[in-house]
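Chains as they are written, first to last, in the working numbering: chain A, 1 to 412; chain B, 413 to 644.
From the three backbone atoms N, C-alpha and C, an ideal C-beta is built for every residue, glycine too.
Have a look at the structure below before the remarks.
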Ligand code: HEM
Ligand code: SF4
Ligand code: SF4
């Protein structure tokens, strides 16, 4: 009962998407001092790896000016006032003191791929390069017993301090036997629970780890769920999207290194600095939406003129993510920019409920009776037809009955 | 046999105005709502995107209609309890009298007017229940509609102050888990409920005409002149 009261309370108190961009001077002054003290403390620690950020920047031909530009953009992205810029820059340099363990579960490794992109790493990727990645199944050289040992050691050494990144869903069907790992055949579920035990915080990256994503799409053969359905007693941050934007991963780690806290989250545990914005409200095609100018089919005049993709199934109006602002690949472009609609990749159940590339009104949905799939409008017209037939029968019967009654009366 | 008829008052002018405002709004809500869901006509204005607002006008119209619906809903809710004319809530209480009247009216409909064992001079319990269903559907549209609307106020501020999105979240966020857990489910629910309302309207119109034809008491006139006739 108290559970239910809590759930109802939560329903009416959680702010689903509201962003608080200004918390007042005293708050930021306080935070600034805390962050400064924290960074000083960290500077004294020996880095967990020998990669030097400044060297790496130089190697990749990124000068100080460019780096500071990045730092101030990142500060703004984290919704901190400009005075935090030097601290953010410092924190980036000290990222090699943030121990990270990365788990790979039921997924396509797309998020690892996103942060490893090869074409000349940009600052976001360099930051992710120097984090002290203690364990990452896909990237490390070690395998088998060796890998197992490395994981044990990392968890022991950084007990209570490491950030656990999780990529991929957790199959719960058949006692979790759909996915096992290592020589002992540990299920993904047990593996995750064991690694989360001593983590400082758990960060689910990508739509699969956050909400089950593609593995959890109907009919969900493996009973896949997201990390938040398994790990309940840890600070948990969801960074959904398919793939998660490296800028947001960096944002979360930086925020953690800088403040020692998880950033403010929305009701789906997504950091508000990244998921407090609706695609549709920051989309460059919005003027065409309001004007009623839509792409009707791929490659038509509308498409050539960058018209709105709403009729091609763009789900920007119901999707919260910052890709319309920070874009992908260091702000080169983003899905709508290249001329295809948003498929709502950062929302729960996106594969079933958003990604059908036509307006919802035309999409096949499961009829309440199960099995048959209908579009909402076909279903509605079906109901209307049924009502119409009922009425027609009633009307005809009434007319016949009425006539009989009348003729009966005339015989009187 | 000549029968004499007596004229009885059934709807006050205020009630009739509300009825027709609702009817017009309904047509408008459906026309604009369907456009929002799937823009079904092309914009044929040779202007730049900056100064034509076809979708924006449709959305604007939809919201204005929504506001009118809200206001009339509040008035109707008030009248349900405090009307000086007839208080409809009295017909909703499931007491023996209302239940038997409800059954009698339903039997009248199903037996094609062979049996008519209730007093048709005043509002009956069957219709009152039927109208109440409509108002509940409308409130549901209001809540799901406002939930979709508040998506656009992600910043937490609005031209009339921060209380507005705050209040909308407070009042409508529960529709997300109730409809299935995602923002899209709210939209699907809003769209399907529209079809339920359309079905409701079709039967409503049919039934009122049917009553007029078979009862021979001029029921259709209630909503125009406010009165009908019953046999003395
Ligand atoms: C009473 C208060 C109502 C409110 C506040 C409301 C609000 C809204 C909003 C905000 C949208 C989404 C627009 C967008 O995303 O830009 C919408 C869509 C829609 N509304 Fe309403 N509405 C209301 C009543 C109705 C009624 C009475 C009907 C019809 C009977 C209706 C039919 C529709 C339809 C068909 C859509 C399109 C849904 C889709 O396919 O995406 N609405 N409404
Ligand atoms: S392309 Fe999508 S996000 Fe952009 S305005 Fe159109 S519907 Fe909105
Ligand atoms: S446009 Fe939509 S589907 Fe594409 S990355 Fe952004 S949120 Fe995901």
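- The beta carbons of residue 182 of chain A and residue 137 of chain A sit no closer together than 7 angstroms.
- In the DSSP secondary-structure assignment, residue 364 of chain A is bridged to A:375.
- Contact annotation, residue 207 of chain A with residue 241 of chain A: C-beta distance approximately 6 angstroms; criterion of less than 8 angstroms satisfied.
- Cα atoms of residue 610 of chain B and residue 327 of chain A: separation of roughly 42 angstroms, rounded to the nearest angstrom.
- In the structure shown, residue 534 of chain B adopts coil according to DSSP, grouped into three states.
- For residue 384 of chain A, the Cβ stays outside the 6 angstroms cut-off from all heavy atoms of ligand 1.
- For residue 279 of chain A, no beta strand (DSSP E) encloses it, and the DSSP letter there is neither H nor E.
- DSSP places residue 387 of chain A in the helix class (H, G or I) of the three-state scheme.
- Under the 7 angstroms criterion on CB atoms, residue 219 of chain A is classed as non-interfacial with respect to chain B.
- In this structure, residue 560 of chain B has its beta carbon less than 6 angstroms from a heavy atom of ligand 1.
- Interface criterion not met: the Cβ of residue 547 of chain B is under 7 angstroms from no Cβ in chain A.
- Contact with chain B is found for residue 397 of chain A, since one of that chain's Cβ atoms lies less than 7 angstroms from the residue's Cβ.
- Close partners of residue 379 of chain A in chain B (Cβ separation under 9 angstroms): 604 and 607.
- Between the beta-carbon of residue 123 of chain A and that of residue 98 of chain A there is about 16 angstroms, and that puts the pair past the 8 angstroms contact cut.
- The distance from the Cβ of residue 125 of chain A to that of residue 246 of chain A is about 6 angstroms, consistent with a contact at the 8 angstroms cut-off.
- The Cβ atoms of residue 105 of chain A and residue 168 of chain A sit closer than 7 angstroms to each other.
- Looking at A:362, A:50, A:345 and A:190, the one whose alpha-carbon comes closest to that of residue 243 of chain A is A:345.
- Separation of residue 298 of chain A and residue 287 of chain A (C-alpha to C-alpha, rounded to the nearest whole angstrom) is 19 angstroms.
- Between residue 201 of chain A and residue 352 of chain A, the C-beta spacing is not below 7 angstroms.
- The C-alpha of residue 524 of chain B is placed about 7 angstroms away from the C-alpha of residue 401 of chain A.
- Residue 318 of chain A places its beta carbon 7 angstroms or farther from that of residue 438 of chain B.
- For residue 639 of chain B, the enclosing beta strand (DSSP E) covers residues 639 to 643.
- In the assembly as shown, residue 256 of chain A is a buried residue. Its beta-carbon has 16 or more other beta-carbons within 10 Å.
- Annotation: the continuous alpha helix (DSSP H) that includes residue 149 of chain A extends over 144 to 157.
- Short of 8 angstroms from the beta carbon of residue 563 of chain B, and not among the five residues preceding or following it, lie these beta carbons of its own chain, in chain order: 595.
- With a threshold of 7 angstroms between beta carbons, residue 297 of chain A makes no contact with chain B.
- Assigned with DSSP and collapsed to three states, residue 181 of chain A falls in strand.
- Residue 102 of chain A is bridged by DSSP to A:136 and A:165.
- The continuous alpha helix (DSSP H) containing residue 256 of chain A extends over residues 246 to 259.
- Shortest Cα-Cα distance from residue 111 of chain A to any of A:267, A:239 and A:302 involves A:239.
- Interface with chain A (7 angstroms Cβ-Cβ cutoff): residue 541 of chain B is excluded.
- Per DSSP, residue 241 of chain A is not a residue of any beta strand (DSSP E), being assigned neither H nor E.
- Any heavy atom of ligand 2 within less than 6 angstroms of a residue's beta carbon puts that residue on the list, which reads A:279, A:280, A:283, A:285, A:286, A:289, A:308, A:309, A:310, A:314, A:316, A:317, A:336, A:341 and A:342.
- If you check the C-beta of residue 346 of chain A against ligand 3, you find a heavy atom less than 6 angstroms away.
- Residue 333 of chain A and residue 92 of chain A have their C-alpha atoms spaced approximately 24 angstroms apart.
- DSSP places residue 113 of chain A in the helix class (H, G or I) of the three-state scheme.
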